[in-house]
Amino acid sequence: MVTAVVSGAHELKALHIDKTAVDPNDVDMLQDLILAAVNDGIKKAKAMMEEEMGQLTGGLKIPGMF
Numbered sequence: 000m001v002t003a004v005v006s007g008a009h010e011l012k013a014l015h016i017d018k019t020a021v022d023p024n025d026v027d028m029l030q031d032l033i034l035a036a037v038n039d040g041i042k043k044a045k046a047m048m049e050e051e052m053g054q055l056t057g058g059l060k061i062p063g064m065f
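Under numbering that gives the first Met the number 0, the letters of the sequence shown match residues 0 to 65, in that order.
In structure tokens, the structure reads:
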């Protein structure tokens, strides 16, 4: 119902809200959906960044890099 696109720099780049998710009488649910979508987007961006760094470093965990 809510999709968030987050960059590798953890910036919200896009937000899509399905029209069926908008109910003027239930704003709390929409807020919860947006919060969950943004947090999921940040989690996916972080995982993608860690995967890319893992490929560059050969799997070594370099302190301070991620």
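The beta-carbon is built from N, C-alpha and C at its ideal position, and this holds for glycine as well. Owing to the predicted nature of the structure, the values given are computational and were not obtained by experimental measurement.
- Here residue 8 carries a coil assignment [DSSP, helix/strand/coil].
- Following the DSSP letters along the chain, one finds residue 53 inside the alpha helix (DSSP H) bounded by residues 26-56.
- A direct Cα-to-Cα measurement between residue 18 and residue 56 gives close to 43 Å.
- Spatial neighbours of residue 41 in its own chain (CB-CB distance under 7 Å, excluding positions within 5 residues in sequence) are listed in chain order as 5, 9.
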